[in-house]
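As C-alpha cells, the structure follows; a few thoughts come after it.
Numbering (this note's numbering), first residue to last: 74 to 606.
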C-alpha cells in the first residue's frame, strides 16, 4: 500500500523524512488509504513540527489523481445552468501549491485559497486553478438558484455583470449550459450531411435603427421615411426584452446600433451603456464621427466592430453618398485603427460599381480589418439603381474569390459565393449570417417606431413592439415564413448556407418567399443572363 501511496502522492512523499514511513509501517491503526493519507500526514506534521503545508499538498495531489482517473462521460444535456458534475472544490490554507505539482515554485506560505479541479465538458481537457471570486460567485448563483437580478441589485451592479460572470464560467467549463433553442425548423429543408453548425445559432442579433436621422442622403437608401426616435425609456424596455429573449433561448445577444446615424439620437450613449449593462455584444453600423464622440463611446465600452460604407472609388462613392464622403471615411478608418477598434467596410454592389470593388479593396488593404459587400436591393431609393445580373455576377464572384488569396481584408458574406466555393472544392461557409439568409432566424431589424422587420433591406414586417413582445414577434407566422425562406430553393443542396437574398429577389419584383434569387448562377451556362424587372 505504501508504494501505491507514493504513486498517488509523488510530490508529498518525496518531501517526507524516512521516519514517517517507518512510523506508518509500524502503526497497526494507521489509515493507509489514499483518502486517509492527508489526515495521517497532518497528524505527523503536528507531532513532529514538520512542513505545515504538506497535508494541504496531499489534498491537492489526491484531487488531481481523482481528476485524472475519473471516467469522462459525454456532457449531459441540461435544461438550466448546472455545475459541472466532475468539478471539485478544495479549501487549502497554504499557497502556492499548484506550481509544486509541476516541479515549480518554492515552499508555500500560509494563505487561505479555494482550488478548483475539473475537466472541460467539451474538450475533456484537465483544468486546475485557484478559484477566482467570479468563479465562486457563479457556482453560488447556480447552486443556490439565485436570481441574477437580485444578486446584481444587492451588489449595486448592473445585471449584465452577473450574466457575464455566468457566461464566463460556462466558457471555462465550470458550468454546463443548455444548448441554443434557435435551431432551424418550421419545415426548413435540410439536405443530408448538413453540418450542425449551420443549423443552430449561438448568437441572436438585433439590428436596431434607433433613429432615422442621417447626415447623408445616399442614392440607394432603402428607407427615407420620417420616424420619431425611440424614446429613452422605451429603449430601456426594449433592451430588457432583448436580454430576456436571449436568456430564454440560451444564446448570446448582440445589438448592432444603426440608423440613420445612431450618434444623432440624443440619448444614444445612454442606450449604448444600457446595452452594455445587460451583457449584450455591442456593434455600430454608422457613419464617420468626430474622434471626441468616438472617445465618449469608448469610455463606456469598445464595440465588437464599427462598420462604415463605401460604394466604390472616390468619384463613384461621392456620387452615391455625397461629396467628400470618400476622404472622410478613409480618415475615420485611421481613427478607428488608432483606437484599436475593429473596422469593417460594407459596399452595396450594383451593376455600376462592380469593376471598382477590387481596386477599392487594394486602397483599403492596410486601412481596414474587413471588407465585404451586399448586392443592391432595388427598393426605396435603391430602385433607381440596378443589381447585378446572374452571368456578370458569377464573373465578379470568381474574381473576388481569387483576389481573397492575396488580400486578407476581403471577407465573404453574400451566400451565393458558396456556389463558386463548392465548384472550387473550397468548402462551404455560413453565408450572409452564418446560416444562409438569417432573416427572422438569428437576427431581426427594429425601426425607431417599434416596427420589426425580418430584414432591413426590404419591406418585411413581422410585428410591432408597441403591441407585441419580441418573443411573440419571433414566434409569429410572419416570422416563421421568412425563416423558412424561398420555396424554389428547397431542393438545392446549398440550401442551409444560401437560400439567396430575399431582399434582392424583392427588388426584382418577385415574391421572395416563393421565387429564387434572380442573381443565382447555380448551373448557369452561356453568356450573361438578362433578368426582367
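Even glycine gets a Cβ: it sits at the ideal position worked out from N, Cα and C.
Subject >> Burial state of residue 233 (16 or more Cβ within 10 Å) >> reply: Of the residues assessed, residue 233 falls on the buried side of the cut-off, its CB having 16 or more other CB atoms within 10 angstroms.
**OP:** Can you give me the Cβ contacts of residue 87 inside the same chain, cut-off strictly under 8 Å, excluding the 5 residues immediately before and after it?
**Re:** So the list is empty, once near-sequence residues are dropped.
Original post:
In whole angstroms, what separates the C-alpha of residue 547 from that of residue 537?
Top reply: For residue 547 and residue 537, the distance between alpha carbons rounds to 11 Å.
**OP:** Taking all protein chains shown into account, decide if residue 587 is buried (16 or more other Cβ within 10 angstroms of its Cβ) or exposed.
**Re:** When all chains shown are included, residue 587 counts as exposed.
Subject >> Within the segment 544 to 587, ranges of the alpha helix (DSSP H) (whole runs, at least 4 residues) >> reply: Positions of the alpha helix (DSSP H) runs, each at least 4 residues long and wholly inside the segment 544 to 587, are given as 550 to 557 and 575 to 580 in order along the chain.
**OP:** Have a look at 281, 394, 531 and 203 and flag the residue whose alpha-carbon is nearest the alpha-carbon of residue 358.
**Re:** Closest in C-alpha terms to residue 358, from the list 281, 394, 531 and 203, comes 281.
Original post:
Is any beta-carbon of chain B found at less than 8 Å from that of residue 420?
Top reply: The chain inventory of the structure shown lacks chain B, comprising one protein chain alone.
Original post:
Any idea if residue 479 is buried or exposed, counting beta-carbon neighbours within 10 angstroms, 16 or more meaning buried?
Top reply: By the neighbour-count rule (16 or more Cβ atoms within 10 Å), residue 479 is not buried but exposed.
Original post:
Once you ignore the five residues that flank residue 417 on each side, which residues in its own chain have a CB closer than 6 Å to its CB?
Top reply: The answer, listed in chain order, is 378, 380 and 443.
**OP:** Note down, in chain order, each residue of its chain lying with its Cβ closer than 6 Å to the Cβ of residue 560, except the 5 sequence neighbours on either side.
**Re:** Cβ neighbours of residue 560 beyond the five flanking positions: 587.
Original post:
Going by the beta-carbon positions, is the gap between residue 199 and residue 140 smaller than 8 Å?
Top reply: In contact: residue 199 and residue 140 (Cβ atoms closer than 8 Å).
**OP:** Determine contact between the segment 336 to 345 and the segment 355 to 373, defined as no fewer than three beta-carbon pairs at a distance below 8 Å.
**Re:** Of all C-beta pairs linking the segment 336 to 345 to the segment 355 to 373, three or more are shorter than 8 Å, placing the two stretches in contact.
Subject >> At least three beta-carbon pairs within less than 8 Å, the segment 183 to 196 to the segment 240 to 258 >> reply: Yes: at least three Cβ pairs fall under 8 Å.
**OP:** May I ask you to check if the CB of residue 332 is nearer than 7 Å to at least one heavy atom of the ligand GDP?
**Re:** What this structure holds is no ligand at all, so the ligand GDP is not there to describe.
**OP:** Classify residue 86 as helix, strand or coil using the three-state DSSP reduction.
**Re:** Residue 86: helix per DSSP, three-state reduction.
Original post:
Exposed or buried, what is residue 598 when buried is set at 16 or more other beta-carbons lying within 10 Å of its beta-carbon?
Top reply: Summary for residue 598: the model assigns pLDDT 45, below 50, so the residue's position carries little reliability; its value from the coordinates is reported in the next sentence. Looking at its Cβ environment, which holds fewer than 16 other Cβ atoms inside 10 Å, residue 598 is exposed.
**OP:** Tell me whether residue 521 is buried or exposed, calling it buried when 16 or more other Cβ atoms sit within 10 Å of its Cβ.
**Re:** Residue 521 counts as buried, since at least 16 other C-beta atoms from the protein chains shown sit within 10 angstroms of its C-beta.
Subject >> Identity of the residue in 150, 173 and 154 nearest residue 129 by Cα >> reply: Measuring C-alpha to C-alpha distances from residue 129 to each of 150, 173 and 154 identifies 173 as the nearest.
Original post:
Which term fits residue 254, buried or exposed, when burial requires 16 or more other beta carbons within 10 angstroms of its beta carbon?
Top reply: Under this definition residue 254 is an exposed residue.
Subject >> residue 134 versus residue 144: straight-line alpha-carbon distance, rounded >> reply: Their backbone Cα atoms lie some 18 Å apart in a straight line.
Original post:
When DSSP labels each residue in this structure, what does residue 203 get in the three-state scheme?
Top reply: In the three-state reduction of the DSSP assignment, residue 203 falls in the strand class.
Original post:
Looking only at C-alpha atoms, which of 332, 388 and 373 sits nearest to residue 361?
Top reply: In terms of Cα proximity to residue 361, the closest of 332, 388 and 373 is 332.
Subject >> Spatial distance of residue 258 from residue 388 (CA atoms) >> reply: Answer to the nearest angstrom: the Cα atoms are 46 Å apart.
**OP:** Ignoring anything shorter than 3 residues or poking outside the segment 162 to 206, list the beta strand (DSSP E) runs there in chain order.
**Re:** Whole beta strand (DSSP E) segments, 3+ residues: 182 to 192 and 199 to 203.
Original post:
Can you list the alpha helix (DSSP H) stretches of 4 or more residues lying completely in the segment 393 to 474, in chain order?
Top reply: Those alpha helix (DSSP H) runs which fall completely within the segment 393 to 474 and span 4+ residues are 398 to 411 and 430 to 437.
Original post:
Under the DSSP definition of a beta bridge, which residues are partnered with residue 537?
Top reply: Paired residue(s): 524.
Original post:
Would residue 435 be called buried (16 or more neighbouring beta carbons within 10 Å of its own) or exposed?
Top reply: Burial call: exposed.
Subject >> Local Cβ density within 10 Å of residue 120, reported as buried at 16 or more and exposed below that >> reply: With fewer than 16 Cβ atoms within 10 Å of its Cβ, residue 120 is classed as exposed.
**OP:** With a threshold of 16 other CB atoms inside 10 Å of the CB of residue 269, please say whether the residue is buried or exposed.
**Re:** Residue 269 should be labelled exposed.
**OP:** Kindly confirm or deny that the segment 499 to 511 and the segment 558 to 575 touch, where touching means at least three C-beta pairs closer than 8 Å.
**Re:** In short, these stretches touch, since the Cβ pair count reaches three.
Subject >> Closest residue to residue 541 among 528, 311 and 574 (Cα-Cα distance) >> reply: Ranking the options by Cα distance to residue 541, first place goes to 311.
Original post:
In chain order, what residues of the same chain lie with their CB nearer than 7 Å to the CB of residue 390, ignoring the 5 residues before and after it?
Top reply: Around residue 390, the same chain offers 383, 384, 398 and 399 as residues with beta carbons nearer than 7 Å, after the five sequence neighbours per side are excluded.
Original post:
Quick one, which of 94, 342 and 186 has its alpha-carbon nearest residue 117's?
Top reply: The option with the nearest alpha carbon to residue 117 is 94.
**OP:** Give me whichever residues DSSP pairs with residue 282 in a beta bridge.
**Re:** Paired residues: 331.
**OP:** Keeping to the same chain, check which residues put their C-beta closer than 7 Å to that of residue 450; ignore five residues upstream and five downstream.
**Re:** Taken in chain order, the residues that qualify are 295, 530, 531, 576, 577, 579 and 580.
Subject >> Residues bridged to residue 248 (per DSSP) >> reply: According to DSSP, residue 248 bridges with 156.
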